[in-house]
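Here is the structure we will look at, set down as structure tokens.
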Amino acid sequence: MTELVLLEKRGRELRLTLNRPERRNAINAEVMKALIAGIDAAEADPDIRVIVITGAGDKAFCAGGDLAPAADGAPFTVDPSRPRNPIVDAFKRMERCELPILARVNGHALAGGFGLLCACDLAISTDTATFGTPESKIGLFPMMIMPYMLRVLPARKFMELCMTGEAISAQEALRIGVLNAVVPAAELDARTDAMVNLLAERSPTAIRLGKQGFHAMRDMSMRQALEFAQIMLPMMAATQDAREGMRAFQEKRPPNWTNQ
Numbered sequence: 001m002t003e004l005v006l007l008e009k010r011g012r013e014l015r016l017t018l019n020r021p022e023r024r025n026a027i028n029a030e031v032m033k034a035l036i037a038g039i040d041a042a043e044a045d046p047d048i049r050v051i052v053i054t055g056a057g058d059k060a061f062c063a064g065g066d067l068a069p070a071a072d073g074a075p076f077t078v079d080p081s082r083p084r085n086p087i088v089d090a091f092k093r094m095e096r097c098e099l100p101i102l103a104r105v106n107g108h109a110l111a112g113g114f115g116l117l118c119a120c121d122l123a124i125s126t127d128t129a130t131f132g133t134p135e136s137k138i139g140l141f142p143m144m145i146m147p148y149m150l151r152v153l154p155a156r157k158f159m160e161l162c163m164t165g166e167a168i169s170a171q172e173a174l175r176i177g178v179l180n181a182v183v184p185a186a187e188l189d190a191r192t193d194a195m196v197n198l199l200a201e202r203s204p205t206a207i208r209l210g211k212q213g214f215h216a217m218r219d220m221s222m223r224q225a226l227e228f229a230q231i232m233l234p235m236m237a238a239t240q241d242a243r244e245g246m247r248a249f250q251e252k253r254p255p256n257w258t259n260q
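What follows is the structure, given as structure tokens:
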């Protein structure tokens, strides 16, 4: 059986590759479980500082849910008495992940694939990729990925994409803040590696606590967020990484992070 998600350790990066190029890397329950297992493996390896999610081949990052198993357009079978959707489990695991997650968008990101992209912390794309939610064309609406789309896209553009089902270019996705960078396909690996190296050089403790704070604050009121921040900052300042960072700055040398 073909491995649904390939795990490749590349120095301080663990690359998770959706490995269904014949299905344009469409996702199903098994793929989501394999993706979760890959994130678990990355966090368990002390050498890994960054997770990169990408797709096999050069056509698609991910074309969304695999519609082949069911004619009703439901790639995931859910028990009504226990409504646990695998894509929700994967999104929750991504949010809990202590490592930065970078999407290496090697091709089109559509429907659930667009949601997967939005759930990543950062994204770099080839300039030929397109992005969209075509569900309205088959009588659906992108409900499962809506929470992350709402956090990444401007409201008007979100409604346009979901209602019309029309795709946008990589350049447009960059303009509205969905992507961090757009490069020609030949430069995608170099730009990805450069971002991985930058992230790997930073304090893993700062990134871990920063991600925790980001996900907490964006669901708070302004007052709640400010109260949370004034508690978190002195806690971060007391970490070994923060102390090492200050010493390294004063001594004009690279820091030796402890991840503590």
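The sequence shown lines up with residues 1 to 260 when you count with this note's numbering. Note that CB positions come from ideal geometry on N, CA and C, so glycine has one too. The structure presented is a predicted model; accordingly, all values stated were derived computationally and were not measured.
1) With DSSP run on the structure shown, which of helix, strand or coil describes Thr192?
2) Over what stretch of residues does the beta strand (DSSP E) that includes Gly139 continue unbroken?
3) Start and end of the beta strand (DSSP E) containing Leu18?
4) In terms of alpha-carbon separation, which member of Val178, Pro147, Arg223 lies closest to Leu102?
5) Restricting to Cα atoms, I'd like to know which of Ile168, Pro255, His215, Ala109 is closest to Leu18.
6) Name, in chain order, the residues that DSSP records as bridge partners for Glu8.
7) Check this for me: beta carbons of Val105 and Ala129, under 8 Å apart or not?
8) Within 8 Å (strictly less), CB to CB, does Gly165 reach chain D?
9) Which residues in the same chain have their Cβ closer than 8 Å to the Cβ of Ile124, if we skip the five residues on either side of it in sequence?
10) Quick check on the burial criterion: 16 or more other C-beta atoms within 10 angstroms. Buried or exposed for Glu251?
11) Please report the straight-line C-alpha distance between Ala225 and Ile231, rounded to a whole angstrom.
12) Buried or exposed, going by whether 16 or more other CB atoms sit within 10 Å of the CB of Gly73?
13) Taking the beta strand (DSSP E) that Val182 falls in, what are its first and last residues?
14) For the putative contact between Gly112 and Ile145, defined by C-beta atoms under 8 Å, what is the C-beta separation to the nearest angstrom?
15) For Val52, report the span of its beta strand (DSSP E) as first-last.
16) Classify Cys162 as helix, strand or coil using the three-state DSSP reduction.
17) Which residue from Phe61, Val52, Arg23 puts its Cα closest to that of Arg261?
18) Using the C-alpha atoms, what's the distance from Leu153 back to Pro142?
19) Count the other C-beta atoms from every protein chain shown that fall within 10 angstroms of the C-beta of Thr164, then say buried if there are 16 or more, exposed otherwise.
The answer reads as follows:
1) Mapped onto the sequence shown, residue 192 falls at position 192. DSSP places Thr192 in helix when its eight states are reduced to three.
2) Within the sequence shown, the letter at position 139 stands for residue 139. Where Gly139 is concerned, there is no enclosing beta strand (DSSP E), given that its DSSP letter is neither H nor E.
3) Walking along the sequence shown from the start, residue 18 turns up at place 18. Its beta strand (DSSP E) spans residues 13-18.
4) Residue numbering aside, residue 102 sits at position 102 when the sequence shown is read from its first letter. That would be Val178, whose Cα lies nearest to the Cα of Leu102.
5) Walking along the sequence shown from the start, residue 18 turns up at place 18. Ranking Ile168, Pro255, His215, Ala109 by Cα distance to Leu18 puts Ala109 first.
6) Here the question's residue 8 lines up with position 8 in the sequence shown. For Glu8, which the question treats as bridged, DSSP gives the partners Arg15.
7) Sequence index remark: in the sequence shown, residue 105 carries index 105 (1-based). Sequence index remark: in the sequence shown, residue 129 carries index 129 (1-based). Yes, these two residues count as a Cβ contact at 8 Å.
8) Of the protein chains in the structure, only one exists, and it is not chain D.
9) Residue mapping note: residue 124 aligns to position 124 of the sequence shown, counting from 1. Only Leu102, Ala103, Arg104, Val105, Leu179, Asn180, Ala181, Val182, Val183, Leu188, Arg191, Thr192, Met195 meet the Cβ criterion.
10) Here residue 251 is taken as the residue at index 251 of the sequence shown, counted from 1. Glu251 is exposed by the Cβ-count criterion.
11) For the purposes of this step, residue 225 is taken as the residue at position 225 of the sequence shown. For the purposes of this step, residue 231 is taken as the residue at position 231 of the sequence shown. Their backbone Cα atoms lie some 10 Å apart in a straight line.
12) By 1-based counting over the sequence shown, the position of residue 73 is 73. Note that Gly73 has pLDDT 47, beneath the 50 cutoff, so the model's placement of it is unreliable and no number is given.
13) Residue mapping note: residue 182 aligns to position 182 of the sequence shown, counting from 1. First-last of the beta strand (DSSP E) with Val182: 181-183.
14) Position 112 of the sequence shown, counting from 1, holds the residue named residue 112. Position 145 of the sequence shown, counting from 1, holds the residue named residue 145. 6 Å between Cβ atoms; contact.
15) To locate residue 52, count along the sequence shown from 1; it is residue 52. Per DSSP, Val52 belongs to the beta strand (DSSP E) from 50-55.
16) Here the question's residue 162 lines up with position 162 in the sequence shown. Of the three classes helix, strand and coil, the one that applies to Cys162 here is helix, per DSSP.
17) This structure leaves residue 261 out entirely; the chain is present only between 1 and 260.
18) Translated into the one-based positions of the sequence shown, residue 142 becomes position 142. Translated into the one-based positions of the sequence shown, residue 153 becomes position 153. Pro142 and Leu153: Cα-Cα distance of roughly 14 Å.
19) Taking the first residue of the sequence shown as position 1, residue 164 is located at position 164. Result: exposed.
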